[in-house]
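Per the numbering used here, residue 9 is the first one in the sequence shown, and the count goes up by one each step.
Built from N, CA and C at the ideal position, the CB exists for glycine as well.
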Amino acid sequence: MPGDNTIIRKMTEDITALCEPCMIYLVSEKNNSKGELTGFKLCVVVRDGIDPSTLETRLLLNTECSVPCDFIVYNLSDWNDHAEDDCSFAYRVENGGELLYVQRS
């Protein structure tokens with residue numbers, strides 16, 4: 009089951025410790041013929057004022073994963089602007105990805 013993998017859960021925990029995201033989505037995951045995770049992609053939505061490129065680099069440098077992992081980072085205002093546009097990547101993630109984490113108010 010997507011997002012039910014301990015590797016993905018651990019990465020989600022590591023990200024929340026590093027940057028206090030608003031949301032984390034599992035965009036995609038790849039598994040081998042045995043059903044073992046071989047890679048995944050996460051979308052991290054953070055509050056405005058955080059530079060997505062800088063945070064993406066920080067995540068890549070400060071997290072470890074036993075399989076290839078990729079990040080896409082959005083500011084909350086950019087996310088909100090794009091998530092309603094059915095031609096955007098954010099829309100596809102919000103409607104087809106698995107929400108792994110939501111920041112509690």
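On the three-state DSSP scale, how would you describe residue i?
i	result
I58	coil
N103	helix
T46	strand
C27	helix
S85	helix
Taking residue i and residue j to be in contact with their CB atoms under 8 Å, please state how far apart those CB atoms are, rounded to whole angstroms.
i	j	result
V53	P76	Not confirmed; about 22 Å, so no contact.
D56	L84	6 Å
Taking buried to mean at least 16 other C-beta atoms within 10 Å of its own C-beta, is residue i buried or exposed?
i	result
L107	exposed
G105	buried
M9	Because M9 sits at a pLDDT of 43, beneath the cut-off of 50, its placement in the model cannot be relied upon, and the following sentence gives the value as read from the coordinates. Burial call: exposed.
C95	exposed
Can you check whether the CB of residue j is closer than 7 Å to the CB of residue i?
i	j	result
I16	F48	yes
L26	N70	yes
Y109	T20	yes
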